[in-house]
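In the working numbering, the protein residues as written are 52 to 227. Idealized CB from N, CA, C, for every residue including glycine. Please read these numbers as outputs of a predicted model, since none were measured by experiment.
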Ligand SMILES: [Zn+2]
C-alpha cells in the first residue's frame, strides 16, 4: 500500500467510514470503475434539480457534481504536466475556495453533468499518459503521489460524493 493509500486510510478509515470505499482496489479496477462514474452520477441525480443540501452537508447536489469534474480535470492536468517533463511539485488548489469562485450552487446541473462526462474522458487519457511515463509527483499536502495513487484517490473522491448525493436525495424523499 502506497503513501496516498495510507493517507486515505488514516483520513477516512479502511473501508471509508462514510461511503464504504476500499483503498485496496487495484489501478485497473479503479480505471474501470471511473469510466462508469458519469452514468452513476446521472442515475444518482435522477430528476433532482440539484439544489437540495443533505443533513450535515454544506454543498448542494450540483456542487458535488461540479467539484468532482473540476477535481478530475486538475489531477489530469497534473499527471500530463509531469509526464511531459514538468517538475514533480504540483500547484495546490483549495476546493472550498474554488467552489466559492465557481459558484457551484448556481451552475446548471445539466451542464455540470456534461462537464463531468468530458472530465472523466480526459482523465482516462491523462491516466494512460501518466502510466506510460510512470509519473510520480509531489502533492503539496500529501507527499509523493504516483499515477496509481491518483487513480485510487480520485475514484474515492468521486464515489464518496456520489454517496453524498444519494444520501441527500434519500433524506429529502424521507422528509416529503
Ligand atoms: Zn468515502
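Discussion item. How far does the alpha helix (DSSP H) with residue 187 in it extend, from its first residue to its last?
Written reply: Counting along the chain, residue 187 falls outside any alpha helix (DSSP H), though it belongs to the beta strand (DSSP E) covering 187-190.
Discussion item. Please classify residue 183 as buried or exposed, where buried requires at least 16 other C-beta atoms within 10 Å of its C-beta.
Written reply: exposed
Worksheet item: Is DSSP giving residue 200 helix, strand or coil here?
Response: helix
Worksheet item: Rounded C-beta distance between residue 164 and residue 85? I'm assuming under 8 Å.
Response: Contact flag wrong, Cβ pair sits at about 16 Å.
Worksheet item: Cβ of residue 173 within 9 Å of Cβ of residue 119?
Response: no
Item to complete: Please indicate yes or no: does the CB of residue 210 lie closer than 8 Å to some heavy atom of ligand 1?
Response: yes
Item to complete: Output the boundary residues of the alpha helix (DSSP H) element that contains residue 135.
Response: Residue 135 -> no alpha helix (DSSP H), and no H or E assigned at all.
Practice prompt. Check whether the Cβ of residue 69 lies closer than 8 Å to any heavy atom of ligand 1, and answer yes or no.
Written response: yes
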